[in-house]
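Since the structure comes first, as structure tokens, the remarks are kept for the end.
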Amino acid sequence: MVGRPVSRLEGKLKVTGAARYAAEYDVPDLLYGYVVNSTITKGKITRIDVSAAKALNGVLEVITHENRPDVASVDLKYTDMDAPPGVVFKPLLDAEVKYNGQPLALVIAEDFETARYAATLVIIEYQEEPFETCLDHNLEKARKPEKGLATMLKPPPPPPTGNFEQAFKDSPVKVDSEFRHGTEHHNPIELFATTTVYEGEGKLTIYDKTQGTVNNQLFVANVFGLHYKDVRVLSPFVGGAFGAGLRPQYQLYLCVMASLFLKRNVRVVLERKQMYPFPHRPQSYQRLRFAADANGRLTALNHLAISEASQFEDYVETVAQWSHKLYPAPNTLFEYKLASLDLFTPLDMRAPGGVTALHAIECTMDELAYEASIDPLEFRLRNYAETDPVTGKPFTSKALRECYMRAAKQFGWEKRSPAPGSMTRGNKFVGYGMATGIWDAYQFPSRVEAMITQDGKLVLNNAVTDIGTGTLTVMTQVAADELGMPMENVTFNYGDSKKPFSMFQGGSSMTASTGVGIVVAVKALKKKLLKKAKDIDGSPFKNVSGEDVAFRDGSIFLRRSPSVSVSFQEIVAANGGRPVKTTNMGAPHVLKLRKYAKATHSAAFVEVEVDKELKMITVTRAITAVAAGTIINPKTARSQITGSMVWGISKALHEETILDEKLGKYMNQNLAEYHIPVHADINELDVIFADERDDLINELGVKGVGEIGLVAMPAAVANAVFHATGKRIRELPIHFDKLL
Amino acid sequence: MNNFEYKQATDAIDATDAVAASEDAMFIAGGTNLVDLWKYNLVHPKLLVDINHLHNHKHITELENGGLRLGALVTNADTAYHPLVEERYPLLSKAILAGASPQIRNMATNGGNLLQRTRCYYFYDPDVPCNKREPGSGCPAMEGYNRIHAILGASDQCIAVFPSDMCVALAALGAVVNVSGNNGERSIPFTDFHRLPGDAPDIDNHLHHGDLITSIDLPVRGFAQNYSYLKLRDRHSYAFALVSVATALELDGGIIRDARLALGGVAHKPWRMHEAESVLIGRTADEATFAAAAEVILADAKGFKYNNFKIELARRAIIRNGMMALNPETQLPGAQPSA
Ligand SMILES: Cc1cc2nc3c(=O)[nH]c(=O)nc-3n(C[C@H](O)[C@H](O)[C@H](O)COP(=O)(O)OP(=O)(O)OC[C@H]3O[C@@H](n4cnc5c(N)ncnc54)[C@H](O)[C@@H]3O)c2cc1C
């Protein structure tokens, strides 16, 4: 099954509406919570009057900082698996307001409408304090980030090499450019929601929108002093999250608090607007200085990145060092800093750091190619890294050159005439732009329970979610192949914290993580099945070893004489009807991999048309070639890539959360004004998967495709806009009027 | 959002009586704007008068004078795709189809379209000052993010724009709005229907509380030979206009005999200026002529920090749209620029 374009197994449930999301579970005697958010950006609550709200028929309670139940007092208890260094924000803790839209009260009523109306009756008076929310005006505050657990996955930039300043000064070709990105919000279509079922003394079943069932289970148990076994978090369907579900969000906290407080079943759904005082992609400022010699070889790389942090946590991204993972240069200087602002803590949003960095890096590379009068693709090839420039280690695999060549050929790059504005179509300028992409190849430990049930079928259990990526389908494919079974005889249970451990679903890691867990578990299951087969009276397998047998269609048979076989059903029957099962951990081969560098790569080629007078920009076609190891399911993988290409176009041309720095708040908190592309913005998109065989990276040879399709796109679009118009717009999104 | 009572009106008089009787009553038609405003706590109707069953106002009918009457409760979609509208008033059809999304146009009504509120971010946020929402509270847009705001006819109280596309075409065509109110029926020429913010930015138009729009009359001349609607925005569909232009021409061998020119996305009302149209009349239909009209219509334009570009963009859009009107058959869907 691996390598086949299998359609999503849950597709029909989703398109028919049968799939249940966190806010859709029918639960008896349900109460509804509605959040009251702060209307100021910073200060203190001086008075909070809930009497009118409470007096309303149907309102049960209004929880505020004044009457909330006790929660853990130790900061550490709030530290979820993705918490950056700092102190986790606690809703309803005290009278302090730290950011606009901060949740200040939860109104609980018998129906949603009453709760929502009652929320308008809660009177809050504040004492306001001055605030700062605009990164650009606070760059001088930038400082080194705090270090913590998160630093493991997102290390700070390496120390300088060579002598950057001198080399930059001496190099004949150089570029010095600044890039600015505004805020972006994840804006998944499914609203964040939690339904908490109160199961009796200290026991909860929670339907939550999350990318990590175990993460949220442990968070709830720690914060509310429950035994982790008494908290079950379920999230079988997730209507997009893009990183916003990597940490527990405030509706979970408030919903659980209300449920424990009232000992009732409670649901809290956030409105779209309430998902803006929320995690987001941070504002960023970048300055890049790249230099090359007369032959177009890079001599010096300097990347300074400054991002926004909240006043309470140092969320960090990997931004500054990506250029050196792509291109060798003897002199390097990388810096990453944060400036704390009065906003909520940012969080990973699809290709965090990478897409921010690669926009700046690949636009700078384009600029440098023009300075050196070298074709932009040729310039990348001259600076191609055969081994990891940072460590000198070989890559487990790297088919980037194939990506460049195949995508360039299919795109027709050779037809490009280099001078800006030199290609036209009617009253439009035509621009061709390209860019390189790189992303990490993560793998996390993942435990999988594999069992053969009485009917001889395979059941797998793992806590992982499927955030719409196709995880269920891909895992089923992997298991079916490993056991030589048709897919319809494999059931993969997931999205449940009660199942064996999985990390949250992020970083394009899940196919490698749980996929490998499945391979390991099914391998162990095979051994166990053989052992059980041997135990059967008169078993023909008594004296055979693992190599002598094969597994196919629910049976074990002798390779030499395939007519000799025993079915899984017989094995389970002989086992007293009890399923044959095993639980095993798949984990990265850390020791072996220490000798290698690992990454996924991509190359994006984009054509734009720009109206000669009106300057409206259209991305008329785009091709992305991806090198990400084995592609388990070309259909779901392609969806990941085209989806992230759309996102890349969005980031380049449309998407922005508008921040009014005088008010200290976001102004376009709805999907009418927060622009993402619509059908009319998207034309021809194509995807190429390079033949990248990787026997080193893991048992499946996979690297993940969730983010690599995004990273190269914004720069490719911006470079195409330059080629069409001769203008370098270094601020995203590129508003067409900047070209007037 | 508050609790409310609901009443289904049976005819225009029933509807107007019900709303006129209470300060806190409102009509609901398609609800595509009202329900949003309500959920954002910008309006708090205690009585909702549903006018979707006013069958007399759900038709498009030919008038004796050769014009066309658009019932106020006909949907935007049904209007745009009506054969008589497509044939005789294609400018209107194009403008409607440049707005919102198919789903919204299927719900939105002609009456409601005229009364939709501005999309100014600050107006939509009840937690910040806004003179349009709360007169005297201030206007953060002037010093804030004013990319989508007015360049014409603004006041020191308000720089919001009226967002409709349909109304730009109605202004250009010289439509008439028929209203049924407490004191009977009256007709308002389209360009007098909406008003500029002045020192009462909370008032969008010249209706009184309880006035019901019953229909919109289109005059005989539909400019079906030479017309164009051009809409420039931050994505290719489903976004409000930064600048839009409706141009309608009557040509006689390359010479403009009559002309209509109206702008959207630039002011508190659809912006039509007779002086600019006079510039066009009698001249050759070419870029220089449209540029001359643009000079006149934009003479008093004033930009702010983030919307200054609209002045130059409007100038170019007027020229392009004039040229597009010469070849209506080459126009693209969604009022996109074409050659
Ligand atoms: C996301 C989004 C995008 C949009 N994009 C565009 C766009 O690009 N271009 C564009 O032009 N429009 C756009 N629209 C606006 C849309 O066209 C209007 O919302 C719609 O026309 C309103 O009509 P309705 O029948 O739904 O009005 P309702 O929402 O029912 O009513 C609006 C107001 O009019 C009053 N009212 C309604 N009918 C009458 C009547 N007959 N007499 C008196 N009062 C009445 C109501 O009391 C209410 O105050 C968009 C809307 C949305 C939500």
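From first to last, the protein sequence lines are chains B and E. With the working numbering as the guide, the letters of the first sequence map in order to residues 13 to 752. With the working numbering as the guide, the letters of the second sequence map in order to residues 12 to 350. Beta carbons: idealized from backbone N, C-alpha and C, even for Gly.
For residue i, I'd like the list of residues in its chain whose CB is within less than 7 angstroms of its CB, leaving aside the five on either flank, ordered along the chain.
{"i": "residue 226/B", "result": "475, 509, 513 and 514"}
{"i": "residue 687/B", "result": "666 and 667"}
{"i": "residue 158/B", "result": "97, 98 and 326"}
{"i": "residue 295/E", "result": "265 and 266"}
{"i": "residue 507/B", "result": "225, 246, 247, 248, 477 and 478"}
So, at 6 angstroms on beta carbons, what are the nonlocal neighbours of residue i in its own chain, with the 5 sequence-adjacent residues on each side left out?
{"i": "residue 271/B", "result": "208, 210 and 278"}
{"i": "residue 82/E", "result": "68, 69, 70 and 226"}
{"i": "residue 738/B", "result": "432 and 433"}
{"i": "residue 616/B", "result": "447, 636, 724, 725 and 728"}
{"i": "residue 330/B", "result": "166 and 365"}
{"i": "residue 169/B", "result": "332, 333, 346 and 348"}
{"i": "residue 371/B", "result": "726 and 727"}
{"i": "residue 14/B", "result": "489, 493 and 644"}
{"i": "residue 207/E", "result": "164 and 279"}
{"i": "residue 682/B", "result": "284"}
{"i": "residue 307/E", "result": "286, 287 and 290"}
{"i": "residue 48/E", "result": "54"}
{"i": "residue 471/B", "result": "463, 465 and 503"}
{"i": "residue 670/B", "result": "679 and 680"}
{"i": "residue 204/E", "result": "188 and 216"}
{"i": "residue 697/B", "result": "634, 654 and 657"}
Given residue i, which residues of its chain have a CB within under 8 angstroms of its CB, disregarding the five upstream and five downstream residues?
{"i": "residue 188/B", "result": "299, 300 and 301"}
{"i": "residue 505/B", "result": "471, 472, 473, 474 and 511"}
Quick check on DSSP: helix, strand or coil for residue i?
{"i": "residue 194/E", "result": "coil"}
{"i": "residue 259/B", "result": "coil"}
{"i": "residue 509/B", "result": "coil"}
{"i": "residue 98/E", "result": "helix"}
{"i": "residue 408/B", "result": "coil"}
{"i": "residue 186/E", "result": "coil"}
{"i": "residue 156/B", "result": "coil"}
{"i": "residue 275/B", "result": "coil"}
{"i": "residue 240/E", "result": "strand"}
{"i": "residue 268/E", "result": "strand"}
{"i": "residue 216/E", "result": "strand"}
{"i": "residue 345/E", "result": "helix"}
{"i": "residue 18/E", "result": "strand"}
{"i": "residue 435/B", "result": "coil"}
DSSP has residue i in a bridge; who is on the other side?
{"i": "residue 641/B", "result": "714/B"}
{"i": "residue 677/B", "result": "672/B"}
{"i": "residue 297/B", "result": "192/B and 318/B"}
{"i": "residue 747/B", "result": "Note: residue 747/B sits in no beta bridge, so no partner."}
Quick one: which residues of the stretch 153-175 of chain E get their C-beta closer than 9 angstroms to a C-beta of chain B? List them in chain order. Against chain B - using a Cβ distance shorter than 9 angstroms - the residues of the stretch 153-175 of chain E are 154, 155, 156, 158 and 159.
For the stretch 127-158 of chain B, which residues have a beta carbon sitting closer than 9 angstroms to at least one beta carbon of chain E? Cβ proximity to chain E below 9 angstroms picks out 128, 129 and 132 from the stretch 127-158 of chain B.
Ordered list of alpha helix (DSSP H) runs contained in the stretch 271-309 of chain E, each at least 4 residues: With a minimum length of 4 residues, the continuous alpha helix (DSSP H) runs that stay inside the stretch 271-309 of chain E are 285-291 and 298-308.
Cβ-based contacts, 7 angstroms cut-off: residues of the stretch 225-250 of chain E near chain D: Absent from the structure: chain D. Protein chains present are B and E.
Going along the stretch 666-682 of chain B in order, which residues come within less than 7 angstroms of chain E, judged by CB to CB distance? Of all residues in the stretch 666-682 of chain B, the ones placed with a Cβ closer than 7 angstroms to any Cβ belonging to chain E are 666, 670, 672, 674, 675, 679 and 680, in chain order.
Please list the residues of the stretch 302-330 of chain E that have a C-beta atom closer than 7 angstroms to any C-beta atom in chain B, keeping them in chain order. Those residues of the stretch 302-330 of chain E that come within reach of chain B (Cβ to Cβ, closer than 7 angstroms) are 320, 323, 324, 327 and 328.
Scan the stretch 614-630 of chain B for residues whose Cβ lies nearer than 9 angstroms to a Cβ of chain E and list them as they occur along the chain. Per Cβ criterion, the list reads 623, 625, 626, 627, 628 and 630.
Of the residues that make up the stretch 44-71 of chain B, which ones have a beta carbon closer than 7 angstroms to any beta carbon in chain E? Residues of the stretch 44-71 of chain B whose Cβ lies closer than 7 angstroms to any Cβ of chain E, in chain order: 51.
Fully enclosed by the stretch 171-257 of chain B, which alpha helix (DSSP H) runs are 4 residues long or longer? Runs of the alpha helix (DSSP H) inside the stretch 171-257 of chain B: 176-182 and 225-236.
Within the stretch 341-405 of chain B, ranges of the alpha helix (DSSP H) (whole runs, at least 4 residues): Counting whole runs of 4 or more residues, the stretch 341-405 of chain B contains the alpha helix (DSSP H) stretches 366-383 and 388-394.
Which residues of the stretch 689-701 of chain B have a Cβ closer than 8 angstroms to any Cβ of chain E? Give them in chain order. Against chain E - using a Cβ distance shorter than 8 angstroms - the residues of the stretch 689-701 of chain B are 689, 690, 691, 692 and 693.
Got a sec: which bits of the stretch 44-76 of chain E sit with their beta carbon under 7 angstroms from any beta carbon on chain B, in order along the chain? Correct list: 52.
Jot down the residue ranges of each uninterrupted alpha helix (DSSP H) in the stretch 97-141 of chain E, minimum 4 residues, whole runs only, in chain order. Listed in chain order, the alpha helix (DSSP H) elements of length 4 or more contained wholly in the stretch 97-141 of chain E are 101-108, 113-118, 121-126 and 132-135.
Going along the chain, which unbroken runs of the alpha helix (DSSP H) with 4 or more residues stay wholly within the stretch 21-65 of chain B? Runs of the alpha helix (DSSP H) lying entirely within the stretch 21-65 of chain B, each at least 4 residues long, are 23-27 in chain order.
At which residue ranges does the stretch 497-557 of chain B contain complete alpha helix (DSSP H) runs of 4 or more residues, listed in the order of the chain? Runs found: 522-547.
Contact set between the stretch 732-747 of chain B and chain E, restricted to residues whose Cβ is under 9 angstroms from the partner: So the close ones are 745 and 747.
Only counting runs of 4 or more residues, tell me where the alpha helix (DSSP H) segments fall wholly within the stretch 66-154 of chain B, in order along the chain. 124-131, all fully within the stretch 66-154 of chain B.
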